[in-house]
């Protein structure tokens, strides 16, 4: 379709409140240490949208948010950050989702994602892509779609087959290693690019990989069109049938980890939309993620 929407980036998936506890201490199971607890807008789709907005883009959110006080506050916060919240599915019966994590000096200790409302809403969040608001099966959306694995397996399978997504530039990320397998139906989609870390790549391939290059090769062998694989502070790779590019991320002091992968993905999308070649886009994404984990990028 020809509309302003076709030049937008749709962010489809979790839009919720992050409750994050951080401490400068190393932690083990059962530890009780001083630190800081914050509540911030979060969720994979929203984290991606926030970074896209920082790069001057206006992301469009497709998700489920409750018509409760927390939901009203979250929608207002998203709009204030420059996001289009017009097409959010607002439910009277479903509460606003939440994510809770604990981070120590030794990384992420534990996390729980309560995305039950998003899962319960199902394909209702996709109505704007079917009813003509953003696209339809006859005139599908032709812009970039950032899709996260908090959606149910059944809905991701529907998206993989749907004519409404047939012409979209699909950028796909699992919400967590535990949900990586949900993305299998999207691997062979002709316009999909998959963003995973080394652990998630191993789970998708049911194998263990020593580095991101071999992981990327394994995913391509599984039918993926294009993949970007990261491994924390070690080399990251961008691979498709034409070859593989690998780059080392900048060395920084890590002060936070939740949202780093989402920042990498969003920065990579923004770089490619700005016309950067693949090597430059990978380098820009790694730099953005490094600034984020170091705390240089504000929350």
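Numbering (the UniProt record's numbering), first residue to last: 1 to 299.
Where a beta carbon is used, it is the ideal one built from N, C-alpha and C, also for glycine.
Buried or exposed, going by whether 16 or more other CB atoms sit within 10 Å of the CB of residue i?
i, result
"residue 96", "buried"
"residue 84", "buried"
"residue 86", "exposed"
"residue 179", "buried"
"residue 103", "buried"
"residue 33", "exposed"
"residue 248", "exposed"
"residue 37", "exposed"
"residue 138", "exposed"
"residue 238", "buried"
"residue 2", "Because the pLDDT of residue 2 is 37, which lies under 50, any placement of that residue in the model is unreliable, and the number read from its coordinates should be weighed accordingly. Residue 2 is exposed by the Cβ-count criterion."
"residue 163", "exposed"
"residue 5", "For residue 5, the predicted structure reports a pLDDT of 45, less than 50, and the residue's modelled location is therefore unreliable. A value from the coordinates is still provided. The residue is buried, with at least 16 neighbouring Cβ atoms inside 10 Å."
"residue 262", "buried"
Whole-angstrom Cβ separation of residue i and residue j, contact assumed at under 8 Å?
i, j, result
"residue 122", "residue 155", "6 Å"
"residue 213", "residue 185", "Not quite, the Cβ-Cβ distance comes to about 25 Å (not below 8 Å), so this is no contact."
"residue 223", "residue 187", "5 Å"
"residue 72", "residue 42", "Rounded, the Cβ-Cβ distance is 17 Å, inconsistent with contact."
"residue 271", "residue 284", "4 Å"
"residue 60", "residue 8", "5 Å"
Are residue i and residue j touching if we call contact CB-CB under 8 Å?
i, j, result
"residue 69", "residue 91", "no"
"residue 225", "residue 190", "yes"
"residue 197", "residue 227", "no"
"residue 15", "residue 57", "no"
"residue 151", "residue 181", "no"
"residue 125", "residue 62", "yes"
"residue 105", "residue 49", "no"
"residue 236", "residue 170", "no"
"residue 260", "residue 289", "yes"
"residue 113", "residue 149", "no"
"residue 258", "residue 101", "yes"
I'd like the span of the alpha helix (DSSP H) that includes residue i, first residue to last.
i, result
"residue 21", "Where residue 21 is concerned, there is no enclosing alpha helix (DSSP H), although the beta strand (DSSP E) it sits in stretches over 16-22."
"residue 261", "260-273"
"residue 252", "Counting along the chain, residue 252 falls outside any alpha helix (DSSP H), and DSSP gives it neither H nor E."
"residue 235", "Not the alpha helix (DSSP H): residue 235 falls in the beta strand (DSSP E), residues 234-240."
Taking the continuous beta strand (DSSP E) assigned at residue i, which residues delimit it?
i, result
"residue 144", "144-148"
"residue 158", "No beta strand (DSSP E) contains residue 158, which is instead part of the alpha helix (DSSP H) from 153-161."
"residue 197", "192-197"
"residue 170", "169-173"
"residue 309", "Residue 309 lies beyond the residue range present for the chain, which begins at 1 and ends at 299; the question has no answer from this structure."
"residue 85", "Neither: residue 85 is in no beta strand (DSSP E) and is coded neither H nor E."
* To do: Tell me, please, whether the stretch 202-214 touches the stretch 142-161 by the rule of three or more beta-carbon pairs shorter than 8 Å.
  => no
* Is there contact here, the stretch 130-139 with the stretch 272-291, by at least three beta-carbon pairs under 8 Å? -> no
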